[in-house]
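In our numbering, each residue carries its 1-based index in the first sequence increased by 1. Heads up, the thing below is written out as structure tokens.
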Amino acid sequence: MTNKELADLMYPNVNKTVEDYEKLYPKRDLKQGAIVTRFAPSPTGFVHMGSLCSAFIGRKVANDTDGIYYLRIEDTDQKRSVENGIQGIIDDLNNFDINIDEGFVSQTEEIGNYGPYLQTNRLEIYHTYAKYLVENDMAYPCFCSSEELDEIRKEQEKKKDRLGYYGKYAKDRNLTNEKRVELIKEGKPYVLRLKSTGDFNKKIVVNDLVRGKIEFPENDIDHVLIKSDGVPVYHFAHVVDDHLMKTTHVLRGEEWLSSTPLHIELFKKFNFDIPKYAHLGLVMKVDENGSRRKLSKRKDPEAAVSYYHEQGIPVEAVKLYLMTIANFNFESWYDDNKDKSIDDFKFDFKKISESGTLFDLDKLLNISRNYISRLKASEVYNQTLEYAKEYDQEFYHLLIKYKDYSIAIFNIEREQKKPRKDYERFGNIKDEVWYMYDELFDMDNLKYDWMKITDKNEIANILNIYINEYYDETDSKDEWFEKIKQLTNRLGYAANMKDYKENPDDFKGNVTDISTVIRVALTSKAQTPDLYMLLKLIGKERILKRFNKFIK
RNA sequence: GGUCUGUUGGUGAAGCGGUUAACACAUUGCCCUCUCAAGGCAACAUUCAUGGGUUCAAAUCCCAUACAGAUCACCA
């Protein structure tokens with residue numbers, strides 16, 4: 002009995018040939034050096050920080066080379082699929098400006114000429130290629146039950162042999178075709194296994210774009226290619242899909258590094274061009290007990306990419322952070338080129354850190370802080386509004402109601418060479434400015450910060466004299482401060498800090514004490530941005546209200 | 001256990017045979033200053049996991065050990 006007959010029996014519904022598919026998916030018409038790569042997640046509904054990082058890199062290198070970035074959904078494992086899981090991934094990607102040239106663009110809609118882009122819709126293709134392998138004696142059906150496989154493993158453990166289905170342990174490898182046909186006809190379930198021709202004692206060199214040349218023993222394990230339900234495993238799907246979709250570069254986590262020899266063997270069996278591989282270090286975090294581990298979606302809220310969106314961390318800041326961990330020379334480049342964007346930076350595979358990166362939230366927030374400080378007040382307004390619309394309705398309505406006023410608040414100490422950096426993310430802006438809005442400044446339930454001056458009469462005195470005799474909305478900042486000093490002197494405090502430091506006993510206190518009284522009465526807080534601007538923005542009428550309430 | 005990868009300060013991270021071991025974040029101190037933020041200036045690894053070796057010279061090359069991670073599924 003021939004392999005052809007066996008193959009026909011195993012894949013009776015295959016009516017196309019490998020050649021048909023090769024014709025169907027021709028070489029892409031792209032310029033020399035264009036990188037075609039992809040994001041290939043399971044439809045789990047969300048994107049993990051580590052995946053986002055590799056997606057970001059993929060999008061970037063495709064952009065840099067006028068290549069293609071496509072989204073393929075790997076749904077060969079039902080357990081990983083979630084309802085509307087594709088949409089969730091697309092949303093996360095969209096939130097971070099990672100757009101897709103080809104593949105899925107929504108839960109149900111796909112674009113491009115190299116599809117289908119959902120693996121379970123590609124079963125016919127996999128079967129065609131599987132059939133080819135069987136016909137050419139490069140794969141065979143294996144009827145071993147999981148119990149039998151267990152036994153093999155136990156035996157190997159006992160003998161301290163290498164684990165796996167290979168060599169003499171691959172017992173179904175040498176079944177006759179007659180026997181195979183017989184078993185299939187009996188209805189015995191089977192998987193398709195690679196008939197590996199590798200030699201464990203020979204070396205194969207994997208040329209990884211990140212790590213350089215790595216030597217492995219050749220693969221000699223007869224890996225499962227197609228599961229008994231007819232669905233391929235990752236390894237097989239990877240080879241068939243990335244070949245047919247003309248992927249030039251495979252970017253994936255380093256957990257795949259050790260199965261690359263298997264993938265190379267498969268590519269060679271089919272006579273396919275081998276794509277370039279870049280195995281990216283894992284994104285890690287430090288555990289409570291101090292050891293490093295992979296960022297886990299279960300334990301770490303920051304692992305899910307939606308977290309950053311919810312926190313109101315600017316997309317651009319996340320991108321900047323990803324770029325700094327993706328290419329270690331980016332940070333200093335950006336430092337020298339603050340006016341340029343990530344698009345102007347040339348990504349380099351050799352500048353990827355080889356060891357896994359420890360995820361550093363502080364650093365991300367610092368980048369975010371710097372980024373926000375460089376925005377125009379109106380941009381801060383727009384982005385905060387967008388954030389609040391989704392996550393803080395109360396603030397959203399205030400922003401709408403007091404648009405110009407809000408922009409003016411955001412503009413305090415902004416348009417200067419070294420702007421303020423107190424907005425960490427859009428999600429914390431309200432915490433910084435709430436007291437500027439009467440709706441949030443609930444005068445009956447306020448907690449006022451501590452002040453040095455505690456005497457009620459003294460406080461009332463300061464505020465009354467100030468508002469009645471000194472405050473003038475039209476004052477410039479210098480004039481304003483001059484008046485504060487005058488008031489300070491008049492009441493027996495030191496207007497000049499130096500004088501005060503030299504002879505503290507000559508004074509009741511100093512300017513700081515006076516301005517703190519005004520500041521706290523106005524905002525309830527002892528620490529705020531430029532008091533001059535706050536007074537000006539709040540305006541005399543509201544200042545009076547707040548002062549009076551405070552004195553009472 | 002086999003195979004592969006990695007190990008530089010609190011953190012990220014450069015360095016690729018001769019450097020005072022960059023830079024950034026964090027921390028601390030001082031200065032500036034109406035408070036805060038920012039900014040300026042300092043401090044912060046006598047040492048690059050450990051032990052050997054090669055060399056006039058090693059964080060950099062070699063070997064061992066330790067530690068960490070990945071992988072060895074009909075999961076991806």
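Even glycine gets a Cβ: it sits at the ideal position worked out from N, Cα and C.
Could you check whether residue j and residue i sit closer than 9 angstroms to each other, using their CB atoms as the reference points?
i	j	result
T524	M452	no
V241	P276	no
R69	Q120	Checking the sequence, you will find Ile at residue 69 rather than Arg. Not a contact, by the Cβ cut-off of 9 angstroms.
R426	L366	yes
I519	L464	yes
H128	N272	no
K591	A496	As shown, the chain starts at 2 and ends at 553. That puts residue 591 outside it, with no answer to give.
A327	K537	no
E470	G540	no
G130	K196	Per the sequence shown, residue 130 should be read as Tyr rather than Gly. Cβ distance not < 9 angstroms, so Y130 and K196 don't count as in contact.
I99	L31	no
On a CA-only basis, which of the options is nearest residue i? Give me that one, please.
i	options	result
W481	L492, L150, I468	I468
V232	R39, Y191, E136, Y494	Y191
I430	T38, N272, L400	L400
L193	G168, C143, V182	C143
N220	K160, L164, E332, K402	L164
R181	F551, K457, M11	M11
D65	E503, Y403, K419, Q33	Q33
L362	E216, Y309, D230, F350	Y309
S260	V225, T248, K247, R29	V225
M2	L195, E158, E179, E459	E179
Y166	K159, I153, E158	I153
N114	K339, I227, P27	P27
Q417	E148, K377, L184	K377
N371	D336, K351, K390	D336
I58	T325, E148, Y170	T325
Thinking residue i and residue j are a contact (beta carbons under 8 angstroms), I'd like their distance in whole angstroms, please.
i	j	result
P315	S374	That belief does not hold up - the Cβ atoms of P315 and S374 are roughly 11 angstroms apart, past 8 angstroms.
I36	A56	Going by Cβ atoms, the distance from I36 to A56 rounds to 14 angstroms, so no, they are not a contact pair.
S379	F47	Contact doesn't hold; Cβ gap of about 32 angstroms is too wide.
Y424	E414	Going by Cβ atoms, the distance from Y424 to E414 rounds to 11 angstroms, so no, they are not a contact pair.
S407	Y388	Contact flag wrong, Cβ pair sits at about 13 angstroms.
L72	F97	Actually they are not in contact, since the Cβ atoms of L72 and F97 sit about 14 angstroms apart, beyond 8 angstroms.
G313	Y397	Rounded, the Cβ-Cβ distance is 12 angstroms, inconsistent with contact.
V83	P44	6 angstroms
Y403	K364	Contact doesn't hold; Cβ gap of about 34 angstroms is too wide.
P262	F217	5 angstroms
V207	Y278	7 angstroms
So, is residue i buried or exposed, given that buried needs 16 or more other C-beta atoms within 10 angstroms?
i	result
T198	exposed
S477	exposed
L25	exposed
Q79	exposed
S516	buried
T38	buried
D531	exposed
H49	buried
D223	buried
K132	buried
F329	exposed
T177	exposed
D274	exposed
G493	exposed
A122	Before going on, a small fix: residue 122 reads as Asn here, not Ala. Its Cβ having fewer than 16 others within 10 Å, N122 is exposed.
G86	buried
H280	buried
G282	buried
K270	buried
N511	buried
K189	exposed
D76	buried
P505	exposed
R491	exposed
S146	exposed
S150	Note on identity: in this sequence residue 150 is Leu, with Ser being the wrong assignment. Exposed, by the Cβ-count rule.
T109	exposed
What do you reckon, is the C-beta of residue i under 8 angstroms from a heavy atom of the ligand SAM?
i	result
M444	Absent from the structure shown: the ligand SAM. Ligands present: none.
So does the stretch 338 to 345 actually touch the stretch 200 to 218, counting three or more Cβ pairs closer than 8 angstroms?
no
Taking three-plus beta-carbon pairs below 8 angstroms as touching, is the stretch 222 to 238 in contact with the stretch 17 to 26?
no
So does the stretch 439 to 450 actually touch the stretch 524 to 535, counting three or more Cβ pairs closer than 8 angstroms?
yes
Are at least three pairs of beta-carbons, each pair with one atom in the stretch 209 to 223 and one in the stretch 253 to 264, less than 8 angstroms apart?
yes
Mind the definition here: the stretch 120 to 140 touches the stretch 83 to 91 only if three or more C-beta pairs lie below 8 angstroms; say whether that holds.
no
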